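Please read the structure below before turning to the comments.
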Amino acid sequence: MESFTPIASTVGGVLIGLASIMVLRIQGRVAGISGICGSLLRPSRGDVGWRVGFTLGLIASGAAALLLSPAHVSTAGAPTLALTAVAGVLVGFGTRLGNGCTSGHGVCGISRLSRRSIVATATFMAVAGVMVFVTRHLLGGGA
Amino acid sequence: MQTLLGTLAGLVFGAGLVISGMAQPAKVLAFLDVAGNWDPSLAFVMGSAIAVYAPLYRYIIKRTTPVYTQQFMVVANHTIDRPLLLGAGIFGAGWGLAGFCPGPGIVSAGSGASTGLTFALAMVFGMLLFEAYQRATAALARDRQDAGAASSGA
Chain E
1 MESFTPIAST VGGVLIGLAS IMVLRIQGRV AGISGICGSL LRPSRGDVGW RVGFTLGLIA
61 SGAAALLLSP AHVSTAGAPT LALTAVAGVL VGFGTRLGNG CTSGHGVCGI SRLSRRSIVA
121 TATFMAVAGV MVFVTRHLLG GGA
Chain D
1001 MQTLLGTLAG LVFGAGLVIS GMAQPAKVLA FLDVAGNWDP SLAFVMGSAI AVYAPLYRYI
1061 IKRTTPVYTQ QFMVVANHTI DRPLLLGAGI FGAGWGLAGF CPGPGIVSAG SGASTGLTFA
1121 LAMVFGMLLF EAYQRATAAL ARDRQDAGAA SSGA
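If you read the sequences in order, they're chains E and D. Note that my numbering has the first sequence beginning at 1, numbered continuously upward. Note that my numbering has the second sequence beginning at 1001, numbered continuously upward.
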């Protein structure tokens, strides 16, 4: 993994920041992906269209990436499908319980200096780091 | 129009995830692997996103109102409670296990990758599980309240 990409990652981050600003300016809401998509499971009138659009935009960008630069959506290094499914359930449940994910807490919340978001981000980063340490170095799984 | 603008925002957000490297589990896991061959790239994603969002956020909520809603729906909740910590912990465990958080998971599903599709479907299932959990705890709280009211009334 000798692929340090500070420039591409900065450019990507700027786009993420701008897209989040669009959501704020247009809908008056925090751009948290788990909230934008998760709220569709409990839809409220007049608040569905933009959420569906946003989710479709995410899906379309994945499809576009496959055509333009498949390496950018390579899933190499991911665990087995069974473990991926377990991870998906944890991410779905955890982000709804904790009211946010990397975008809502990590980007928007920290930008607002929200104490809740700072604590939440520190928590999920730390737990994710421990999880990687355990699977890679203690159990000797992945790369 | 609202849906169209939402789609545009989703496309820009997704492009950001793709370009930044967030949609590659290998890169995410390398970022989280501080004890291994650490790749700090993804710190630049969060750093630059915040550098863009923070100043514009301040300007926008002071000087404007949202185009399509009455007011900014930004929570002013400061309580660090158990659901927040527990939820963040459970999310972190899943993120560290697969290398996907919600946005990149959906992007990966859009690319047609079986890993991404599996992750996204499982994530929706996890969210539905939470809805059920929330309904169950709300019902339990109501029962307790009813029981309390009944016993105090007796």
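Just so it is clear, CB atoms sit at the ideal spot from N, CA and C, and this is done for glycine as well. As the structure is a computational prediction, the values presented were derived from the model and not from experiment.
- Rounded to the nearest whole angstrom, the CA to CA distance from residue 1016/D to residue 10/E is 9 angstroms.
- By alpha-carbon distance to residue 1130/D, the top candidate from 29/E, 55/E, 94/E, 17/E is 94/E.
- Chain D has a Cβ within less than 8 angstroms of the Cβ of residue 6/E.
- Neighbours of residue 77/E in chain D, taken as residues whose beta carbon is under 7 angstroms from its own, are 1025, 1026, 1029, 1099 in chain order.
- Within chain E, the C-beta atoms nearer than 7 angstroms to that of residue 1054/D come from 111, in chain order.
- By a beta-carbon distance limit of 8 angstroms, residue 1067/D contacts residue 26/E. Their separation comes to about 5 angstroms.
- Note that the stretch 98-111 of chain E does not touch the stretch 1133-1145 of chain D; fewer than 3 beta-carbon pairs, one per stretch, sit closer than 8 angstroms.
- Note on residue 1025/D: 16 or more other CB atoms within 10 angstroms of its CB, so buried under the neighbour-count rule.
- Between residue 30/E and residue 40/E, the CB-CB gap reaches or exceeds 8 angstroms.
- Look at residue 96/E here: in three-state DSSP terms it is helix.
- The shortest C-alpha to C-alpha distance from residue 82/E to any of 1123/D, 1145/D, 1092/D, 1019/D is the one to 1123/D.
- If you draw a straight line from the Cα of residue 1057/D to the Cα of residue 24/E, it is about 8 angstroms long.
- DSSP, reduced to helix, strand and coil, places residue 29/E within a strand of the structure shown.
- Remark: three or more beta-carbon pairs, one from each stretch, lie closer than 8 angstroms, so the stretch 116-125 of chain E and the stretch 1088-1106 of chain D are flagged as touching.
- Listed in chain order, the alpha helix (DSSP H) elements of length 4 or more contained wholly in the stretch 57-89 of chain E amount to none.
- Of the residues 1112/D, 1128/D, 1085/D, 1105/D, the one whose Cα lies closest to the Cα of residue 118/E is 1085/D.
- Chain-ordered, the chain D residues with CB closer than 7 angstroms to the CB of residue 58/E read 1010, 1013, 1014, 1103, 1106, 1107, 1110.
- For residue 1003/D, the enclosing alpha helix (DSSP H) covers residues 1002-1020.
- One finds 90, 127, 131 in chain E with Cβ atoms closer than 7 angstroms to the Cβ of residue 1093/D, taken in chain order.
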